[in-house]
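Each step along the sequence shown adds one to the number in the UniProt record's numbering, with nothing skipped, and position 256 is 256.
Down below is the structure, laid out as structure tokens.
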Amino acid sequence: MTTHRLAVIPGDGIGTEVTPAAQSVLDAVAARHGFGFDYREFDWSCERYRTEGAMMPADGLDRLRDHDAILLGAVGSPGVPDHVSLWGLLIPIRRTFRQYVNLRPVRCFDGVESPLRNADVDLVVVRENIEGEYSQIGGRINSGFPDEMAVQETVFTRVGVSRIADYAFRLATTRRHRLTSATKSNGIVHTLPFWDEVVAERAQGFPDVDWDAEHIDALCAKVVLDPGRFDVIVGSNLFGDILSDLTAAVAGSIGIAPSANLNPERDFPSMFEPVHGSAPDIAGRGVANPIGAIWSAAMLLDHLGHPEAATEVVDAIAAVLSETPLRTPDLGGTATTSEFTAAIVKRVA
Ligand code: ATP
Ligand code: MG
């Protein structure tokens, strides 16, 4: 029997509630398909930061390295600045393990109301995950003086843009063969014209994909006005970040949105996590929506070579939402995390 070694980082707040939910779905579907998981749990979190002064131990990345994948809940806690959880855990993992693809599928499920009328969405945002606007290059000068300024450099490399474009085009060939590239080359005169050029070059390798480039401002408007027209949207680190929150909101609740931080070459583990944060406002009550974490686990199954099991998990989510009144409070219901999870487990077992 194949056993996958998974590193599990539940993190903070509802991360510790939705991660076990995802694991129980993984175990149930794996058992039926004749494979299994061997979990190693790490208590790396803002809680740990409070007591030990670091999100993870100094050799943390080494301890993750020899796992087949990483399942993450959420990190973040009131009083701990966001940059601590980001730069103390998430960004080192993404960069060290070359998880340069951030994949965020978005779907409107029957039974989940979108804030938009007639929204029918089935798209994937492909976000460049390790370069671009989130660089450490720049600084402040003349602090406190009237001529004070801040400079922040954006870094696009030919290798970085080519590989994210290739990934997105390849993904489009497995879907509806439509790709939109987010840009702003009319206003940003160096980096985004370069992005456009490299994307156009890579497009030549995918003649059966119908693609175009849209400026980010117009693109955001179109996502709201007519989200159904999009299939794969590829964007830089910043544009992809914004687009994935926007498209997740269009689908109805942040609690259902999944994400994968992928290392497509598979020389390091990839990481799977719901889009939502630790939600301190509802943590500890057992009412967090587990769909984002469970769907992220389905993406993990797909990545580890179990596409049928992955599809079954997503189908089970869709079926429970459309065939039963079971909903967590964020979707207007009264179900608990474990009641909703049990319904999914029953369908995939
Ligand atoms: P962080 O700083 O960790 O990102 P945050 O408060 O900025 O936390 P979220 O944790 O994503 O962002 O929470 C945003 C809102 O969405 C909160 O009101 C939270 O309760 C709600 N929310 C987020 N995830 C879920 C979920 N899985 N189920 C129900 N509600 C959720
Ligand atoms: Mg936040």
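For each residue, glycine too, the CB sits at the ideal point set by N, CA and C.
Please read all numbers here as calculations on a predicted model, not as lab measurements.
{"Query": "On the DSSP bridge assignment, give the partners of Q152 in chain order.", "Result": "G138"}
{"Query": "I think S278 touches A54, with their Cβ atoms under 8 Å apart; what is that distance to the nearest whole Å?", "Result": "Not a contact, Cβ separation roughly 18 Å."}
{"Query": "Less than 8 Å between C-beta atoms, sequence neighbours within five positions excluded: which residues of the same chain meet that for V84?", "Result": "C46, Y49, M55"}
{"Query": "Take the Cβ of H303 as the centre, count every other Cβ of all protein chains shown within 10 Å, and call the residue buried at 16 or more, exposed below.", "Result": "buried"}
{"Query": "Rank I254, E265, V250, A310 by C-alpha distance to the C-alpha of P115 and give the top, closest one.", "Result": "V250"}
{"Query": "How close, in whole Å, do the beta carbons of T328 and A318 come, if the pair is a contact with beta carbons under 8 Å?", "Result": "So it is not a contact: roughly 16 Å between Cβ atoms."}
{"Query": "DSSP three-state call for G73: helix, strand or coil?", "Result": "strand"}
{"Query": "Near L89, which residues of its chain fall below 7 Å by C-beta distance, leaving aside the five closest residues on each side in sequence?", "Result": "W44, M55, M56, V75"}
{"Query": "Note down, in chain order, each residue of its chain lying with its Cβ closer than 8 Å to the Cβ of G252, except the 5 sequence neighbours on either side.", "Result": "C108, F109, V112, E113, S114, P115, L331"}
{"Query": "How many whole angstroms separate the CB atoms of F239 and I216, which I take to be in contact at a CB cut-off of 8 Å?", "Result": "5 Å"}
{"Query": "Span of the beta strand (DSSP E) holding V80?", "Result": "V80 -> no beta strand (DSSP E), and no H or E assigned at all."}
{"Query": "Just to confirm my understanding: we take N129, look at its own chain, exclude 5 residues before and 5 after, and list those with CB closer than 7 Å. What are they?", "Result": "R94, Q99, Y100, V101, N102, N237, N261"}
{"Query": "State the Cα-Cα distance for the pair V224 and V345, rounded to the nearest angstrom.", "Result": "34 Å"}
{"Query": "Do L61 and D70 come within 8 Å of each other at the CB atom, strictly closer than that value?", "Result": "Just to set this straight, residue 70 is Ile in the shown sequence, not Asp. In this structure, L61 does not lie closer than 8 Å to I70 by Cβ."}
{"Query": "Mark R40 as exposed unless 16 or more other C-beta atoms lie within 10 angstroms of its C-beta, in which case mark it buried.", "Result": "exposed"}
{"Query": "Please tell me whether L171 and V126 are closer than 8 Å, where the distance is taken between their beta carbons.", "Result": "yes"}
{"Query": "Taking E17 as the reference, which of A349, R347, F340, S181 has the closest Cα?", "Result": "F340"}
{"Query": "Once the 5 residues before and after A168 are set aside, which same chain residues still bring their CB inside 7 Å of it?", "Result": "V126, L179, V232, V234"}
{"Query": "With DSSP collapsed to three states, give me the class of M271.", "Result": "strand"}
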